[in-house]
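Chains as they are written, first to last, in this note's numbering: chain W, 1 to 659; chain H, 1 to 157; chain R, 1 to 196; chain C, 1 to 284.
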Amino acid sequence: MARIGVFVCHCGENIARTVDCARVAETAAKFPGVAHAVDYTYMCSDPGQNLIKEAIREKRLTGVVVAACSPRMHEPTFRRAAAEAGLNPFLCEMANIREHVSWVHEDREVATAKAIDHVRIMVEKVRHNEPLYPIRVPITKKALVIGGGIAGIQAALDIANGGQEVILVEKEPSIGGHMAQLSETFPTLDCSQCILTPRMVEVASHPNITLYTYSEIEEVEGFIGNFEVKIRKKARSVDLNKCTGCGLCMEKCPMKKIPSEFECGLGARTAIYRPFPQAVPAKPVIDREHCLMFTRGKCGTCAKVCPTGAINYEDQDEIVTEKVGAIVVATGYRVMDADLYGEYGYGKYPDVITGMQFERLLSASGPTTGEVRRPSDGKIPKKVVFVQCVGSRDNARGVPYCSKICCMYTAKHAMLYKHKVHDGQAYVFYMDIRAGGKNYDEFVRRAIEEDDAMYYRGRVSKIYEENGKLIVKGVDTLSGLTIQVNADMVVLATAVLSQEDAEPLAQKLSISYDEYDFLTEAHPKLRPVETNTAGIFLAGACQAPKDIPDTVAQAGGAASKVLGLFSSDELEREPVIARVNEETCVACWRCYNACPYGAIEKKEIKDRQGRAVRWVAHVNESVCAGCGLCNAICPSNSVELDGFDDEQLYAEIGALSNE
Amino acid sequence: METDFEPKIIAFVCNWCTYAGADLAGTSRLKYAGNVRVIKVPCTGRIDFMFLVRAFEQGADAVLVSGCHPGDCHYNEGNYYARRRWTIFRKLLHFLGIEEDRLHFAWVSAAEGQKWADLVNEVTARVRELGPFTGYRQLMEKSRLTQSAEVQPLERK
Amino acid sequence: MSNKTVSDTASSFTAEIEGRGRLRLADCYQCGKCSAGCPMVDYMDYLPHQIVRMCQMGEDSLREKVLGSRTIWLCVSCETCSTRCPKDFDIAHLMDVLREMSLEAGLQHADASNIIAFHKTFKNGVEKTGRLNEFPLAIGYKLRSMDLFSDVTKFPKMVTARKLRFLPHKIKGRDKVKKIFAKCEARIRAKKRGKK
Amino acid sequence: MTKLGYYPGCSLEGTASDYGISVRRMARALGWELQEIEDWNCCGATAAHQTNHLLALSLPARDLALAEEQGITELLVPCAACFSRLVHANKAMQQDPETAREINDIIEMNYRGTVSVLNLIEALQKYAMPDIAGKVQRNLSGLKVACYYGCLLLRPPKYTEFDDAEQPSSMEDIVRALGAEPLDWPFKTECCGAGLSMSNTGAVVDLTHKILENARHHGARVIAVACPMCHSNLDMRQLDVSRRYGKYNIPILFLSQLVGLALGVSEKELGLKKHFVKATSIIR
Ligand SMILES: Cc1cc2nc3c(=O)[nH]c(=O)nc-3n(C[C@H](O)[C@H](O)[C@H](O)COP(=O)(O)OP(=O)(O)OC[C@H]3O[C@@H](n4cnc5c(N)ncnc54)[C@H](O)[C@@H]3O)c2cc1C
Ligand SMILES: Cc1cc2nc3c(=O)[nH]c(=O)nc-3n(C[C@H](O)[C@H](O)[C@H](O)COP(=O)(O)OP(=O)(O)OC[C@H]3O[C@@H](n4cnc5c(N)ncnc54)[C@H](O)[C@@H]3O)c2cc1C
Ligand code: SF4
Ligand code: SF4
Ligand code: SF4
Ligand code: SF4
Ligand code: SF4
Ligand code: SF4
Ligand code: SF4
Ligand code: SF4
């Protein structure tokens, strides 16, 4: 038999001015299951709370309804009071008669009637409430960072310096990401490698960081605080423990003409190679697709010359399993293939190149040691055309979004080109200049005002070669003139795209991604580094096109979220979660498909002999966020949401029937 | 139309957006019609069609459902599901002989106190025009006469 | 020509174009790629993207500028612009629509009369016989355009090469073709009235 | 034996009779049977297209409907302008039921959208490649050919669905298979302004000149085309171009003529004598 106590608050005059509180209490006293009903001036004051506590003890109350302000205001207060008096806090509810009643209605009769109804609703709810217990989850204090670009490096270092352990997984043979390829960086023009390499070295030597390069995520299971991750360490064919990085093998390898990925095809590498001289680890890997030992079964030169016997052609992929409590995804981006635009002749004319290739030409460590030379004949180009928005903002053949970084790096390119080729002329075709950021617009203006870059407002329609010149046909919409430039070189600012494997990775992690496969944050403004899967965070260009300052800021944010999570030993969360009745579940998987959090699992029911009998849905408590979608759509009424189950809600609706 | 008819409207609102929006109307001391009774759910995705039927059965003259704006759902996509189902809800109600204007869907965010107040006023005015709802009860009466107990309204608690 | 236009967004010009052409003018973001690649741009009075822009602005004062422009008649429907437009805006089709409207409104540019004469002759021929015979086409065109001398030198060679036939071939279904012409023209007229 | 529906179009019966003749002759040499649509009408070409959009769909729609009635599933349309109008109408009716209804109502027929339209290059790709190389009778080696596509065969790609609209290569493949030497040149898709040939000669001469000059610059001995309008512009207008810009002498061959020559058909049978720029001297 329910014994519910109703406590009606006056809130001084705030409620009592329009609501007849005494009458509310009197009426409530007569509701079925109500054992006690009083009104009082300030329920949240100490005496008010004591009134409740005493009543719980003395009247042996099985539930409490406080008719007062919004639960957003004082629900924790009254639940705490109930708990102190020995009542399960989830048996205490609030009826909102202030924000929803007294403050919004003037007529005393109307307000009092509504207050009575709101109390009746909550009394009915409490009559059907069950005690609930907060869920506690232990936390494994070790973080996984996926991707070793500047985002992953920064996040790993911040977490490690915060005193927690980190595992950094990078799929390439070296960490560094795109930033390692850049020459100098806007808006300050500092040398990219000079600021990046010290951090790469720090990662390698940090006692709290375990580095897995040439490795990929195979499988992720578990939930916040308790993930279990399988990592595939790809066969490197070089024993990292034995190799000293002397480089003899690379010197002697006969396969010398392989286009270097790091140089964007402008330079060559060997089959056993290090992507770039400052690579971390500074040890090579054998590219089995090109190595003669693997393609033809003969060579073995590297093994012969290696002084430490580090070469191992028999090396196999290895799977390691790690337990972690949080994950930071920092897998970065990829640059669009300009082949898509036949009218620009990329791939056909060697002197039509991408922005990333131009970075390599500008880089002191690049294929031309930092001199700007044409790939076709090595001549210094005197007229260079830069075309912005190639593939970006293009609904027809590219992507509709703005890639955000190319306006800035194009201005940088125009500037650096002029610094290197004093008698050269840069032309930039742009649609809009997007330079929002500290010192960004000033930077672009400098390219125009001091380094004489000629900016034309319009797109380019066609590029073709004639007598060794690249004829660029564009337009300047501001003057209404068509423009032809007879250029020596053309640089295309191609769109920033998500990684090719972003979607499968997101699915492994059960995090969401947008239609372009960029990973999605939980809220664009208020939770920009969290995903909607608890315990998984985002950093860098895997979330959206981003420059280095934004990437580093987000990486720091992700790291501090991880450190915050690791600051306690256990997680506690509200017990509003779904539960499946395994007897009635018919395994239709509607809930499984609908749950926005992937909280529903498929569970096998076994008989006594351990044979599988049937499947049912099962809710993972740690993952369920309590939205109740599953409850509403289950065709067999087999899922109930604790705290908002069908019985409770029908009771609440029933409370409104005309007597 | 009857002038002294005071409609009874049941509102299902989500905890994160509309409930908070209604709170804001309160803290801003906006005044609006007193005909709505609020039932809080975690998300509009939690709403079962039978809740609406039950509300009408309990004498509601109209039902109002309101949650977060699309894309702002606290549960990411909960209200997308809800939205998709709303169209079906409408059709089902129509099938049961309930006028479409007795079911209102809206988006009210936590910042839209004024919108909540306006919404309540609009819906109340509209239902006042429509008059009291009797259709569903008549329908049930009819089915009770002609058919077995199975079609009777869900048993009351 | 005035360089000033008074904002008056309550114009029906934009809506009319969009309705006829199933186009959404707002799609164009004025990148100019169409103009940059148009083969006829050197002969035009407005660049193709400027035509789109004026259609977007839609003021009635621009109706005459657009429908009276040379550009819309010089466009040869090569589709270069539509093929390369990053917004998938079918600007070549817009030109079709504008020509149609220009003719109806009687606003066509003086220089366009040659082109229009050619089109008229062409259509008349097809309407009568169901097929086109280029000899009457050439003669008819020359009569309409009063451009009697150009290309005259080529006729003898064409005739000896038996590239020109003097008597038009008439198809059996020419009544059907005639009816198609009548129906299409009636419908376009009806659509135009509907707009007003 | 390959059997194809055939829509010659007005030009191939008139000013481009050499194209028409050579297509038929080439087809015979390849062993194709062409079934001409009975009682076909003019597709409307650019004139209808430019001034009445309903007419521009209805005229070709009648031809498609006739073809369908006559049991044709694949329709060879050698004229690029007709090809363009026919694929446009075809796609518009296949993709949009509302358009299909409106047009069927105008033509008072019921076209269901079952015909697929092929241009000459597509047909050769599909039914003559790659074994055409084995049938070559005449040695064309060393003949430098600039393949000119013009605009209507390729654009807009969403309708034509044929080759790469910016860097096409299918005609080159055929020319190479014939033993000749296709050139790489950037103007192969530039427009020659053919639609205005009669009415705005000045502009057209300029455009034609640019194309001829570009081809000559890249060493073209002949230009191969698959469009009667491109042909009449480049061939007939070459006199006007020469008058204004200095002498040009580049024979313009229809692709069907080139294929025919390679297969050993005589110059006369292929209508080569009808050209303004003498084209009979290209083979020794
Ligand atoms: C031409 C050009 C010039 C630029 N110039 C500048 C500039 O001057 N200033 C500036 O601020 N920004 C510049 N940028 C932008 C800059 O490159 C990015 O902001 C920055 O690199 C983003 O870092 P990131 O770590 O997020 O991504 P990335 O650098 O892409 O790093 C991602 C890392 O993750 C690894 N990875 C990917 N997938 C997986 C996986 N599944 N498992 C494991 N590892 C994975 C990758 O191998 C890579 O190492 C430029 C960009 C371009 C294209
Ligand atoms: C018209 C307008 C529209 C905008 N619209 C959007 C939008 O749609 N979306 C969006 O994302 N952003 C928008 N913004 C930007 C947004 O307002 C800012 O990004 C955001 O408010 C920045 O937050 P903040 O906390 O850094 O600074 P502030 O909001 O300025 O907060 C700083 C606080 O510090 C206090 N303070 C200052 N000095 C001291 C001191 N010495 N001691 C103690 N306290 C101090 C101030 O009183 C203030 O409370 C808009 C801005 C404007 C002007
Ligand atoms: S409990 Fe709420 S309503 Fe009551 S006095 Fe405190 S603040 Fe006011
Ligand atoms: S030779 Fe041996 S030790 Fe030296 S870099 Fe190569 S693998 Fe390492
Ligand atoms: S075995 Fe392979 S990697 Fe080693 S030297 Fe030979 S080709 Fe190079
Ligand atoms: S950043 Fe600039 S260049 Fe890049 S897509 Fe955006 S507008 Fe275009
Ligand atoms: S309540 Fe929501 S989050 Fe929890 S299992 Fe159901 S659908 Fe998933
Ligand atoms: S929706 Fe219901 S019946 Fe279907 S799987 Fe989920 S719990 Fe089981
Ligand atoms: S190319 Fe397209 S988007 Fe650009 S100006 Fe022309 S019509 Fe507009
Ligand atoms: S279709 Fe007309 S406007 Fe477009 S590029 Fe060709 S000539 Fe120019």
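Where is the CB? At the ideal position from N, CA and C, for every residue including glycine. This structure is a prediction, so every number in the text was calculated from the model and none was measured.
Looking at C-alpha atoms only, which residue of the options is the closest neighbour of residue i?
i, options, result
"residue 225 of chain C", "C:4, C:255 and C:211", "C:255"
"residue 73 of chain C", "C:64, C:155, C:205 and C:156", "C:64"
"residue 152 of chain W", "W:416, W:375, W:116 and W:559", "W:559"
"residue 169 of chain W", "W:402, W:134, W:230 and W:411", "W:230"
"residue 709 of chain W", "W:367, W:645, W:226 and W:14", "This structure gives no information on residue 709 of chain W, because the portion of chain W shown stretches from 1 to 659."
"residue 57 of chain R", "R:190, R:75 and R:29", "R:29"
"residue 36 of chain W", "W:44, W:547 and W:65", "W:65"
"residue 171 of chain R", "C:39, C:243, C:148 and C:160", "C:39"
"residue 9 of chain C", "C:68, C:78 and C:155", "C:78"
"residue 54 of chain W", "W:632, W:2, W:85 and W:317", "W:85"
"residue 385 of chain W", "W:446, W:472 and W:458", "W:472"
"residue 175 of chain W", "W:139, W:215, W:293 and W:117", "W:215"
"residue 574 of chain W", "W:79, W:61 and W:67", "W:79"
"residue 19 of chain C", "C:89, C:262 and C:230", "C:230"
"residue 116 of chain C", "C:219, C:44 and C:6", "C:6"
"residue 115 of chain R", "R:71, R:81, R:92 and R:94", "R:71"
"residue 95 of chain C", "C:158, C:33 and C:278", "C:158"
"residue 2 of chain W", "W:276, W:129 and W:27", "W:129"
"residue 186 of chain C", "C:128, C:44 and C:148", "C:148"
Enumerate in chain order the residues of its own chain whose CB-to-CB distance from residue i is below 7 angstroms, with the five nearest sequence positions on each side excluded.
i, result
"residue 25 of chain C", "260, 265, 269 and 270"
"residue 19 of chain W", "97, 101, 102, 111, 112 and 115"
"residue 131 of chain C", "none"
Ignore the nearest five residues each way along the sequence and tell me which others in residue i's own chain have a CB closer than 6 angstroms to its CB.
i, result
"residue 110 of chain H", "17, 20 and 21"
"residue 16 of chain W", "10"
"residue 273 of chain C", "none"
For the beta strand (DSSP E) that contains residue i, what are its first and last residues?
i, result
"residue 443 of chain W", "Counting along the chain, residue 443 of chain W falls outside any beta strand (DSSP E), though it belongs to the alpha helix (DSSP H) covering 440 to 449."
"residue 14 of chain H", "9 to 14"
"residue 21 of chain W", "Per DSSP, residue 21 of chain W belongs to no beta strand (DSSP E); it is in the alpha helix (DSSP H), 21 to 29."
Going by beta carbon distance, what residues of the same chain come within less than 8 angstroms of residue i, once the five residues before and after it are set aside?
i, result
"residue 15 of chain C", "228 and 232"
"residue 521 of chain W", "527, 528, 529, 530, 531, 538 and 543"
How far does the alpha helix (DSSP H) with residue i in it reach, from first residue to last?
i, result
"residue 618 of chain W", "Unbroken run through residue 618 of chain W is the beta strand (DSSP E), 612 to 619; no alpha helix (DSSP H)."
"residue 316 of chain W", "Taken as a continuous stretch (DSSP letters only), residue 316 of chain W belongs to no alpha helix (DSSP H), as it is neither H nor E."
"residue 193 of chain W", "192 to 205"
"residue 661 of chain W", "Nothing in the structure corresponds to residue 661 of chain W, since chain W is present only between 1 and 659."
"residue 108 of chain W", "108 to 127"
- Query: Quick one, which residues of the stretch 13 to 37 of chain R are near chain W if we go by CB-CB under 9 angstroms, in chain order?
  - Reply: 27, 29, 30, 31, 32, 33, 34, 35, 36 and 37
- Task: Select from the stretch 76 to 92 of chain R all residues with a C-beta closer than 7 angstroms to any C-beta belonging to chain W, and list them in chain order.
- Result: 84, 85, 86, 87 and 88
- Message: Any C-beta of chain W within less than 7 angstroms: which residues of the stretch 28 to 39 of chain H qualify?
- Response: 29, 30, 31, 32, 34, 37, 38 and 39
- With 9 angstroms as the C-beta to C-beta threshold (strictly closer), list the residues of the stretch 126 to 151 of chain C near chain R in chain order. 150 and 151
- In chain order, what residues of the stretch 60 to 85 of chain C put their CB closer than 8 angstroms to some CB of chain W? none
- Task: Pull out every residue of the stretch 162 to 191 of chain C whose Cβ sits closer than 8 angstroms to any Cβ of chain W, in chain order.
- Result: 164, 165, 166, 167, 186 and 187
- Item | Residues within the stretch 44 to 60 of chain R neighbouring chain W, beta-carbon criterion of under 7 angstroms | 47, 49 and 50
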